[in-house]
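Novice: Residue numbers (my numbering), protein chains in the order written: chain Z, 64 to 982; chain G, 891 to 1345.
Don't be surprised by glycine CBs; every beta carbon is placed ideally from N, CA and C.
Just dropping this structure here.
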Amino acid sequence: MTFAMRSRFTRSVHFAAGAVALWTVALPSRAQDTPSTYEERVRPVLLRNCSGCHVSGGHAGGLKMDTYAEIRKGGGRGPTVVPGDPAASLLSKAIHYGDDVLKMPPRGKIADADIAVIDKWIAEGAVATGPATVTSAPKAEEAAVAAPAAEVAAKMEPAPQSTADQEKFFETRIRPLFAKNCYACHTSPPSAGLRLDSREAVMKGGKDGAVVVPGHPESSLLVTVLKYNGKIQMPPRGPLENDDVAAVEQWIRDGAPWPKNAPVSPTSRVTPEQRGFWSFHAPSRPVVPDLKSAWVSNDIDRFVLAKLQEKHLKPVADADKRTLIRRVTYDLTGLPPTPAEIKDFLDDSSAGQYEKMIDRLLASKAYGERWGRKWLDVVRYADTDGGSGDFPIPQAYKYRDYVIRSFNEDKPYDRFIREQLAGDLLPSKSEPERWQNIVATGYLASAVRADGKPGYLSDTVDNLGSAFLGVTVGCARCHDHKFDPVPTNDYYALYGIFASTRFPDSGVDGARYQRGFVFRDPEVVNREEYKTFQAQLKPIQRATEAVMGLPGTYDDLVPQLQARRMHLYEHKPDFGETAYAVVDDTPQDARVHRYGDPRELGDEAPRGFLQVLGGGPLPADTKGSGRLELANWIASKDNPLTARVIVNRIWQGHFARGIVSTPNDFGSRGAAPSNQALLDYLAWKLVDGGWSIKSLHKEILLSHAYRLSSAGSAANEDVDPENAFIWRHSRVRLDSEQIRDSLLADSQLLDRTPAKAHPFPPESVWNYEQQNMFSPNHADYETDRRTVYQMVQRTVRSQYFTLFDGPNINMSTDQRGASLTPLQALYFMNAPFPRRCATNLASILTSKEAPEKDMVQQAFLTIYGRPSSQAEMDRSLGFLHSAADSYATHGAAEPSPKQKAFEDFLKALFASNEFMFIE
Amino acid sequence: MLNPNIGTSRRTVIRSLASASMLLPGLLHELMASEASDPLAPKSPMFPAKAKRVIFLYMSGGVSQVDTFDPKPKLTADHHKRYKKDFLHASPWGFKKYGQAGTEVTDLFPHIGSMMDDICLIRSMHNDIPNHEQAIMQVHGGSAVQPRPSIGSWVSYGLGTMSKDLPSYVVLAPEVPYAGGAAWDSNFLPAFHQGVRVIPGQEAIPNMTRAGYADIQNMDLGLINFFNKRHLEQHDADRTLATRIKTFETAYGMQREAPEVFDISKESDATLNMYGVDRNTKKGIGWMCLVARRLAERGVRFVEVIDGGYDKYTNWDAHLNIRMHEPLARKSDLPVAGLIKDLKSRGMLEDTVVVWTSEFGRKPGDGSPDEEGRTHWSTAYSSWVAGGGFKGGMVYGSTDEYGYTVASNPVHIHDFQATLLNQMGLDHTKLTFRHTGRDFRLTDVSGRVIKELVS
């Protein structure tokens, strides 16, 4: 590569040549005396004056002038030279400034001597007497026409010999300026193909051509964009200060010196230093602190107490039995304990009573409904696809039920991972097992369907990173991760695995029906009626695609075609059960999407796993997509993060705060663990116990640390206001599911029959598109089953979930909010649902015709899990009488003023803080 | 910048509630004290603000720039001529000059035209993706790729609310736009910053209508407070518990205030005429503009009015025929102009930013000469702003002779958002929220305040 190198002196030469030269003017004698060969005379002039735009990679106006052939070929305006006739030659006209439209170079007229050289060459026939491409540096003698010899470019020159001053100037002014303002985008992968982190890269330029013409700030694109007056304006967030731009100009004027020992840019390799971060090392079995204390119940307590002692914190007293049963029951099942369960627990004074209760709750069906929901938060579960038509996925619930069942069966967590990522590739002993493994891959299928295939594949990679590994892999989609050692290559190594996987399609504008769902009976596709149906569908689909490819609107044709398709679906034969699941597709490596833009493809990234976690390319003998290998790599006891991330989620489910308080981010921007030894112990314990989640629950719940009261302590609060070290139990607000489920359970409305499929409209009426979404307002399919079974729509949150901090349906939710807002209060004051629950419970409690006092007592036991105090009893009875009187006065109370008053009393209990918080 | 009267009246209300046995006197102290923990309590801006509130008029579907605020005589002259791969399509409407600057505005908007001296018009808007869903997400949340918190949620997060009885961010939306609720979602910001959607003609704020008799509700609240107070005493007067107690008091205020806010029947004839509505109107763009003023007046920080929704026959998405702009323009012209006039007459325009925008513009030409509609176009479109320190009578930026591309002074949606936040006293680079390990902001990594737009 050749660069024209000149100093600031050159410019003064240009501007000194102010007089307008015409073709008729006699050429300077020097030029006349010398033979005007292209190579020796013309080329240096072009190099000096046209670099940046037409030489050295530039092709402004479609004109390149690097070679003789290119000059003769001309550019967008046609031929550049008319041999023998300078006056008719565009090149000559332009440099003479004799053409109204085209004056070149735009920054100012070139030296008369240079003009003379060009004119003479054209007049003599514009011949090439040398090689077509100039490779040697121009002779000093020629260069001296316009500039001192030493400042002329040389081929493949290294950075110019920079002076110490220039180096200092670069290091103090230029490099920091680039680093601060440009490196976010112009390193790896390079935005617009441009890297600014080495001289070589800067000289190479980007997709807009060369950006720096050494010696020529005025024709360096870099300066133009920094000055913010052209089409491209950089940096995008706002122009630099004037003196920063001036510094860059100065640096270019000096020849863009770049000190030799410049550090290399971020690479796609991960260095040992980067691997040093705690979470990227596999946990070793920590030594259990040797503590002799009566406080300690199990090894967890030894870790907790050691930390408390280190921080000079004293644990508070234990919770009482009522508090404990309410806490454990909510934690494990999401439901309140019934008065009978409370009584049994209080009456049982046997040694193993607490453990017995834990076993009972872990064995209940409600356990999977509670903990399955927590996993569904992490994998952003929904029943519609989130694309522009938000198509329903009537089969999605199968994956939901699979998750709930997996928790209830205490499926080993490593197995749970393998099934979700590669269930279709696992061996199975029976057809039902094979089918449930396929349903499990609904995890992958349910990626958010916005922004086309690159959109959902990226969403898959993002979620995989957050859910299983606690790594914000998603940050590496557009550039190397800024804070954690996840290069973009690693992102697309994972992406390629999913690009080699066939995802089902729940419906798009152009095909408003399900495609690529997995049949339970794999033989279906060979059946005659299946083939016939496909043969009927195909022409309609082809026609639809053709019509949608036409310019303009297609409002007349598409509805007709859709009507035909819908008619066909009305008579669709039954092909048996299907699942929203994935299967392997043709294996292929993905190419890096530069700056996350799927249109800007970069290098191929061989499929593989994250380097920083010990991953690398797929084994050479991999046959399929690589999903099975990925699943095995994640579900390995050697993966530094898998076990830690899941035990942290379980811990958070019991203590309201994870040991790492950012459960989806174990990277350098996540929170540091409050007790790493404990975290590693739990991770080791999980793997050691065969990845049994239920055993882990039990060990946690049996610890003394879990059984503390929620009482405050001023001394402790000063040191640890967040209760990160477990000196007490944190008070938590019920989450959205717990609130609704408790209202239903307390009022005996809760429907415990197995959940069925949602009543979505049949596929034969699907005509959804952006302008006609499935249900722009959340569809109301509400039942009295537990909230985990309610239909979740991806594009619209239900009002209830908005109110009580339900999960984010588009992204992984690792922690629920617990806001307290007036709108929530309005819900308890005026919404029909709490009223309906109160009405039902009132009718049950009052139907027994027991004394009023007993009814009140029963209400306290049901809703608060404890009997009322005398003061509460008196106040409640007083309320019941006044309210009943008032209802009687209003004269419109069905079924009776007394029962209406009782409803209000129950509603007040539901609205109160004691119902709303778990101690 | 808090209206001192609001605080006073609030305390008065609490006292009056106490005397009406709504609240127990013993709780008063805690309630007052816990105000500091109220996440929606008004916050000071980062630097002196020009504006206190925003009324964001969002024309859903994509308003054509060359038919409204960006006249192109050459497009008319070259009707049906080829341009690149397209046939050019003239605007069916004429343009007239308005205001001291003689700014040309379409015949569709004579009333808005008459307000041009108060309007700062930007003809060089652009954003990244000409698809509704992505563009709506970007206009509201800054990112075209992912749903992010809406600009209203960011403003609420940055400044809290000046009204104790109303939400900080209210969205008047008869229908949801193409992007669904993502337009006003708080996403990773705390949920109380989410826009509270009001469906005109229905119960404005969820559950705001008292169910049952007033005296019995007072007794209910008294009983709830009795239980809560005991509970609070037994739990070390925990702040979280006290905060929730206070939410009932605020809710009570909301229940009392809200119906009045949405009831326009007590407005004067002169005011109603400004918006072209009558006393019994309960929906429509006129009602929404007037209610937007009423909400802003009562301290709601960010009010969004959505004209049109996901139905392409009733929104601005004029694929079928560009003339479908006409009925919509006719409906909104007077009320939108009336809103500016009304704010001005009340002295509120100075510190209220009125934004008029769409998610993008529409393409001046089409591949077919017979096409009567226009397709999406995000490379260049027009938006305008009035009040809140924006320069009235200004026209900023321009497009090429056909209105395809920005010719001068481009304003990216991030620049627009940065400037808007600036007027609210918020530095868009500093208004951040930590999520998944990094600080997020409305303008992502770009955006600059366009100083030329503001005085």
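Under the three-state reduction of DSSP, which class applies to Z/Pro495: helix, strand or coil?
Specialist: The residue you call residue 495 of chain Z lines up with position 432 of the first sequence. Here Z/Pro495 sits in helix by DSSP.
Novice: Please compile the residues from chain G whose C-beta is within a distance smaller than 8 Å of the C-beta of Z/Asn976.
Specialist: Here residue 976 of chain Z refers to the residue found at position 913 of the first sequence. Per Cβ cutoff of 8 Å: Phe1117, Asn1118, His1121, Leu1122, Leu1131, Arg1134, Ile1135.
Novice: Is it right to say Z/His630 is buried, meaning 16 or more other beta carbons lie within 10 angstroms of its own, or is it exposed?
Specialist: As a first step, residue 630 of chain Z must be located in the first sequence, where it is residue number 567. Classification for Z/His630: exposed.
Novice: Near G/Pro935, which residues of its chain fall below 8 Å by C-beta distance, leaving aside the five closest residues on each side in sequence?
Specialist: The count along the second sequence starts at 1 and reaches residue 935 of chain G at position 45. Result list for G/Pro935: Met891, Gly1048, Leu1049, Met1314, Gly1315, Leu1316, in chain order.
Novice: How far does the alpha helix (DSSP H) with Z/Ile185 in it reach, from first residue to last?
Specialist: For the purposes of this step, residue 185 of chain Z is taken as residue 122 along the first sequence, with counting starting at 1. Unbroken alpha helix (DSSP H) run through Z/Ile185: 175-186.
Novice: I'd like to know whether the C-beta of G/Phe999 is nearer than 7 Å to at least one C-beta of chain Z.
Specialist: Working through the second sequence from its first residue, we reach residue 999 of chain G at position 109. Judged by the 7 Å Cβ criterion, G/Phe999 is not in contact with chain Z.
Novice: Please list the partners that Z/Ser949 has in chain G, where partner means a Cβ-to-Cβ separation under 8 Å.
Specialist: Here the question's residue 949 of chain Z lines up with position 886 in the first sequence. The contacting residues are Tyr1103, Asp1105, Ile1106, Met1109.
Novice: For the alpha helix (DSSP H) that Z/Arg938 lies in, which residues bound it at each end?
Specialist: Here the question's residue 938 of chain Z lines up with position 875 in the first sequence. Element bounds for Z/Arg938: 933-953.
Novice: Can you pull the chain Z neighbours of G/Asn1097, defined as C-beta to C-beta under 8 Å?
Specialist: The sequence position of residue 1097 of chain G within the second sequence is 207, counting from 1. Going along chain Z in sequence order, the residues near G/Asn1097 (Cβ under 8 Å) are Leu886, Leu889, Tyr890, Met892, Asn893, Ala894.
Novice: List the DSSP bridge partners of Z/Pro455.
Specialist: As a working mapping, residue 455 of chain Z is identified with position 392 in the first sequence. DSSP output for Z/Pro455 lists Z/Thr447 as bridge partner(s).
Novice: Enumerate, from N- to C-terminal direction, the unbroken alpha helix (DSSP H) stretches of 4 or more residues contained entirely within the stretch 1168-1222 of chain G.
Specialist: Segments of the alpha helix (DSSP H) lying fully in the stretch 1168-1222 of chain G: 1175-1187.
Novice: If you measure between the beta carbons of G/Gln1307 and G/Leu1332, is that distance less than 7 Å?
Specialist: Here residue 1307 of chain G is taken as the residue at index 417 of the second sequence, counted from 1. Here residue 1332 of chain G is taken as the residue at index 442 of the second sequence, counted from 1. Yes.
Novice: For G/Glu1023, would you say it is in contact with chain Z, using Cβ-to-Cβ distances shorter than 7 Å as the test?
Specialist: Within the second sequence, the letter at position 133 stands for residue 1023 of chain G. At least one chain Z Cβ lies under 7 Å of G/Glu1023.
Novice: Do you know how far the Cα of Z/Arg565 is from the Cα of Z/Leu240?
Specialist: Locating residue 240 of chain Z in the first sequence gives position 177, where the first residue counts as 1. Locating residue 565 of chain Z in the first sequence gives position 502, where the first residue counts as 1. The alpha-carbon atoms of Z/Leu240 and Z/Arg565 are separated by roughly 46 Å.
Novice: So for Z/Lys243, helix, strand or coil by DSSP?
Specialist: Indexing the first sequence from 1 puts residue 243 of chain Z at position 180. Helix, per DSSP.
Novice: With which residues is G/Phe977 paired in a DSSP beta bridge?
Specialist: Position 87 of the second sequence, counted from the first residue, corresponds to residue 977 of chain G. G/Arg972, G/Asp1256, per the DSSP bridge assignment.
Novice: Listing by chain order, which chain Z residues have their CB less than 9 Å from the CB of G/Ser1336?
Specialist: On the second sequence, residue 1336 of chain G is found 446 positions in, with the first residue counted as 1. Under the 9 Å cutoff, chain Z gives Pro298, Pro299, Arg300, Gly301.
Novice: Would you say G/Glu1342 lies against chain Z (beta-carbon separation less than 7 Å)?
Specialist: In the second sequence, counting from the first residue as 1, residue 1342 of chain G sits at position 452. Closer than 7 Å: no.
Novice: Which partner residues does G/His1302 have in the DSSP bridge list?
Specialist: One-based indexing of the second sequence puts residue 1302 of chain G at position 412. Answer is G/His1016.
Novice: Give the DSSP-derived three-state secondary structure of Z/Phe980 in the structure shown.
Specialist: Counted from its first residue, the first sequence places residue 980 of chain Z at position 917. Three-state DSSP puts Z/Phe980 in a strand.
Novice: By the criterion of Cβ-Cβ separation under 7 Å, what are the contact partners of G/Ile1154 in chain Z?
Specialist: Residue mapping note: residue 1154 of chain G aligns to position 264 of the second sequence, counting from 1. Going along chain Z, no residue has its Cβ under 7 Å from G/Ile1154, so there is no contact; the nearest lies around 22 Å.
Novice: Decide yes or no for the touch test of the stretch 999-1015 of chain G against the stretch 1227-1235 of chain G: beta carbon pairs closer than 8 Å, at least 3 of them.
Specialist: Touching, yes, given that three or more Cβ pairs across the two stretches are closer than 8 Å.
Novice: Where do the ends of the beta strand (DSSP E) carrying G/Tyr1271 lie?
Specialist: Taking the first residue of the second sequence as 1, we reach residue 1271 of chain G at position 381. G/Tyr1271 -> beta strand (DSSP E) spans 1271-1276.
Novice: Does the count of Cβ pairs from the stretch 800-812 of chain Z and the stretch 821-831 of chain Z closer than 8 Å reach three?
Specialist: In short, these stretches do not touch, since the Cβ pair count stays below three.
Novice: Could you please give the first and the last residue of the uninterrupted alpha helix (DSSP H) stretch that includes Z/Asp477?
Specialist: Here residue 477 of chain Z corresponds to residue number 414 of the first sequence, with the count starting at 1. That run of the alpha helix (DSSP H) goes 476-485.
Novice: Count the other CB atoms, across all protein chains shown, that sit within 10 Å of the CB of Z/Ile295; report buried if there are 16 or more and exposed otherwise.
Specialist: Reading the first sequence from its first residue, position 232 is the one you call residue 295 of chain Z. Exposed: under 16 other Cβ atoms inside 10 Å.
Novice: Could you give the residue range of the alpha helix (DSSP H) that holds G/Lys986?
Specialist: One-based indexing of the second sequence puts residue 986 of chain G at position 96. No alpha helix (DSSP H) contains G/Lys986, which is instead part of the beta strand (DSSP E) from 985-988.
Novice: DSSP state of Z/Ser92, grouped into three classes?
Specialist: On the first sequence, position 29 is the one that residue 92 of chain Z refers to. Because the pLDDT of Z/Ser92 is 39, which lies under 50, any placement of that residue in the model is unreliable, and the number read from its coordinates should be weighed accordingly. Helix, per DSSP.
Novice: Tell me the rounded alpha-carbon separation between G/Phe1117 and G/Gly1143.
Specialist: Numbered from 1 along the second sequence, position 227 holds the residue referred to as residue 1117 of chain G. Numbered from 1 along the second sequence, position 253 holds the residue referred to as residue 1143 of chain G. Using only the alpha carbons, I get a separation of about 21 Å.
Novice: Quick one: which residues of the stretch 834-859 of chain Z get their C-beta closer than 8 Å to a C-beta of chain G? List them in chain order.
Specialist: Flagged, chain order: Gln834, Asn835, Met836, Pro839, Asn840, Thr858, Val859.
Novice: Hey, G/Gly1255 and G/Gly951 are a contact pair by Cβ (cut 8 Å); roughly how many whole angstroms apart?
Specialist: Taking the first residue of the second sequence as 1, we reach residue 1255 of chain G at position 365. Taking the first residue of the second sequence as 1, we reach residue 951 of chain G at position 61. Contact flag wrong, Cβ pair sits at about 19 Å.
Novice: Given that G/Leu1185 touches chain Z, what residues does it touch there, using C-beta distances under 7 Å?
Specialist: Along the second sequence, read from residue 1 onward, the residue named residue 1185 of chain G stands at position 295. Here the premise fails: no neighbours, minimum Cβ distance about 16 Å.
Novice: Alpha carbon to alpha carbon, what distance is there between Z/Phe980 and Z/Asp381?
Specialist: For this step, residue 381 of chain Z is matched to residue 318 along the first sequence. For this step, residue 980 of chain Z is matched to residue 917 along the first sequence. Cα to Cα, the separation comes out at about 18 Å.
Novice: Cα-Cα, which of Z/Ser875, Z/His953, Z/Lys961, Z/Thr902 is closest to Z/Glu912?
Specialist: Counted from its first residue, the first sequence places residue 912 of chain Z at position 849. Ranking the options by Cα distance to Z/Glu912, first place goes to Z/Lys961.
Novice: Measure how close the beta-carbons of G/Thr1247 and G/Tyr988 come, nearest whole angstrom, since I'm counting them as under 8 Å.
Specialist: Taking the second sequence and counting its residues from 1, the one referred to as residue 1247 of chain G is at position 357. Taking the second sequence and counting its residues from 1, the one referred to as residue 988 of chain G is at position 98. Contact doesn't hold; Cβ gap of about 19 Å is too wide.
Novice: Between the C-alpha atoms of G/Gly1287 and Z/Tyr554, what's the straight-line distance to the nearest angstrom?
Specialist: Taking the second sequence and counting its residues from 1, one reaches residue 1287 of chain G at position 397. Taking the first sequence and counting its residues from 1, one reaches residue 554 of chain Z at position 491. Looking at the two C-alpha atoms, the distance is approximately 40 Å.
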